[in-house]
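Asks: Structure below; questions to follow.
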Amino acid sequence: EEDRRKTFEDRTYWTNSSVDIDILARTGFYFWRTPDYTKCHFCDLEVYHWNGSDNVVQVHIQASMHCPLLRRQQTQNVPTDPIALDRILPPMSYDVCGTGRRHIKSEDRKIKYENYIDEEDRLESFATWPKALKQKPKELAEAGFFYTQKGDRVVCFSCGLGLKDWEESDTPWGEHAKAVYEGAVKECHYMEIFKGKEFAQTIGKQVSELLSTPCSTCKNRNQTQVGIEENKEIDESHLCKICYQNEANIVILDCNHVASCHHCTFKLKDNLCPICRGVIKNRIRIYYP
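Position one of the sequence shown corresponds to residue 1 (full-length UniProt numbering), numbered consecutively onward.
If you want it as structure tokens, here you go:
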């Protein structure tokens with residue numbers, strides 16, 4: 001670990017101050033080449049363009065879930081602080097068995113669809129996914145979903161959540177988290193591992209503080225949409241600040257602003273919030289009662 005940390009010490013070459021080099025070195029990364037290219041010594045994963053909002057461990061897990069260091073396998077790693085390393089690595093209750101498939105040992109955390117534990121298997125299920133849809137197979141697979149081969153219906157391999165009737169502005173992780181928060185499923189341990197235990201609660205709280213929204217499950221998404229379309233009058237305060245015709249029904253979770261309809265939000269060329277001009281990273285659609 002100390003040797004990896006030393007590769008970051010020459011500030012003439014390593015100039016990215018937004019990410020903690022101690023955590024990078026502790027979790028296997030060393031500085032590879034300018035401007036901020038890093039590589040894991042144990043799995044050869046290459047990551048660059050780090051920013052302050054990145055969770056180093058989560059980025060590492062999402063891109064290389066079989067890394068021996070993250071899996072707590074025996075390696076030649078010599079940590080400078082074994083306790084600090086133990087605290088930052090994924091818990092022992094989550095492991096990858098000899099077949100290369102992730103499994104959960106705890107009996108009360110059973111995976112619903114074990115055939116789709118590997119992201120590659122989930123991605124392969126999207127071979128016939130409708131190309132016209134804005135949600136891409138890679139994004140859906142990363143969020144835990146596999147394709148059921150029926151319309152646009154997907155299911156999470158871990159918690160069994162089913163979603164369909166995707167809108168242009170819907171994001172896989174956003175809809176997944178909102179549904180978990182609203183109680184469509186009790187919990188999703190895959191989400192906890194890759195996004196953190198507070199992910200669903202954080203998104204759910206942001207949305208519920210603005211408006212009460214129904215669950216985005218296969219059972220009631222169509223009913224909710226019909227309810228919106230039947231509203232003949234739109235409160236002026238709810239109008240899209242771009243077209244001034246449709247309801248502003250997109251929450252930008254990065255700043256909590258509701259400024260535009262899903263059509264205008266999707267067409268934003270600069271991907272900036274119309275109100276505060278902040279970069280849009282996460283968004284979710286809301287439904288007015």
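Where a beta carbon is used, it is the ideal one built from N, C-alpha and C, also for glycine.
Enumerate in chain order the residues of its own chain whose CB-to-CB distance from A63 is below 8 Å, with the five nearest sequence positions on each side excluded.
Replies: L45 and V47
Asks: Is R122 helix, strand or coil by DSSP?
Replies: helix
Asks: Give me, in chain order, the residues of the same chain whose beta-carbon lies closer than 6 Å to that of A25; leave out the 5 immediate sequence neighbours on both sides.
Replies: E1, R4 and R5
Asks: May I ask you to report which of helix, strand or coil DSSP gives A179?
Replies: helix
Asks: Are the CB atoms of L69 and residue 305 within a distance shorter than 8 Å?
Replies: There is no way to answer for residue 305, as the model of the chain reaches only from 1 to 289.
Asks: May I have a chain-ordered list of the beta strand (DSSP E) segments no shorter than 3 residues that lie completely inside the stretch 132-206?
Replies: 145-147 and 154-156
Asks: Which two residues bound the contiguous alpha helix (DSSP H) that contains residue 290?
Replies: A question about residue 290 goes unanswered here, because the residues of the chain that appear run from 1 up to 289.
Asks: On the CB-based measure, 16 or more other CB atoms within 10 Å of its CB, does Y147 come out buried or exposed?
Replies: buried
Asks: Alpha carbon to alpha carbon, how far is P82 from F31?
Replies: 22 Å
Asks: Among the residues of its own chain, which have a CB less than 8 Å from the CB of N55, if the five just before and after it don't count?
Replies: G196
Asks: Around the Cβ of N16, are there at least 16 other Cβ atoms within 10 angstroms (buried) or fewer (exposed)?
Replies: buried
Asks: Roughly how many angstroms separate the alpha carbons of T12 and Y113, rounded to a whole number?
Replies: 49 Å
Asks: When you compare each of H262, H257, G183 and N256 to C243 by their alpha carbons, which one comes out closest?
Replies: H262
Asks: Starting from the Cα of V185, find the closest Cα among I111, N51, I21 and L133 and give me that residue.
Replies: Looking only at I111, N51, I21 and L133, the smallest Cα-Cα distance to V185 is reached by I111.
Asks: Give, in chain order, every unbroken run of the beta strand (DSSP E) that is at least 3 residues long and sits entirely within the UniProt domain "RING-type" (240-277).
Replies: 250-252 and 257-260
Asks: Hey, would you say K178 sits closer than 8 Å to I284, going by beta carbons?
Replies: yes
Asks: Of the choices P79, V279, W129 and V180, whose alpha-carbon is the least far from that of L253?
Replies: Selected option, being the one with the closest Cα: V279.
Asks: Taking Cβ to Cβ, would you say L161 is nearer than 8 Å to C188?
Replies: yes
Asks: Determine which residues share a DSSP beta bridge with Y30 and list them.
Replies: As computed with DSSP, Y30 is found in a beta bridge with K39.
Asks: Can you name the start and end residues of the alpha helix (DSSP H) that V57 belongs to?
Replies: V56 to A63
Asks: Verify whether the separation of the beta carbon atoms of C255 and C240 is less than 8 Å.
Replies: no
Asks: What span of residues does the alpha helix (DSSP H) with A127 cover, start to end?
Replies: Per DSSP, A127 belongs to no alpha helix (DSSP H) and is neither H nor E.
Asks: Would you grab the beta carbon distance between K131 and E168 for me? Rounded to a whole angstrom, and I think it's under 8 Å.
Replies: Actually they are not in contact, since the Cβ atoms of K131 and E168 sit about 14 Å apart, beyond 8 Å.
Asks: What do you get for V155, buried or exposed, if any count of 16 or more other CB atoms within 10 angstroms of its CB means buried?
Replies: Looking at its Cβ environment, which holds 16 or more other Cβ atoms inside 10 Å, V155 is buried.
Asks: Which one of I117, D36, P35 and S125 has the shortest CA to CA distance from R153?
Replies: Considering only I117, D36, P35 and S125, the residue with the shortest C-alpha distance to R153 is S125.
Asks: In the structure shown, what three-state DSSP assignment does E1 receive?
Replies: coil
Asks: Given that a residue counts as buried once 16 or more other Cβ atoms are within 10 Å of its Cβ, and exposed if not, what is H60?
Replies: Counting other Cβ atoms within 10 Å of its Cβ, H60 reaches 16 or more and is therefore classed as buried.
Asks: Pull the bridge partners of I284 from the DSSP assignment, please.
Replies: V251
Asks: F29: which of D20, H41 and S18 sits nearest, CA to CA?
Replies: H41
Asks: So, helix, strand or coil for E114, using DSSP?
Replies: helix
Asks: Where do the ends of the alpha helix (DSSP H) carrying D86 lie?
Replies: That run of the alpha helix (DSSP H) goes P82 to I88.
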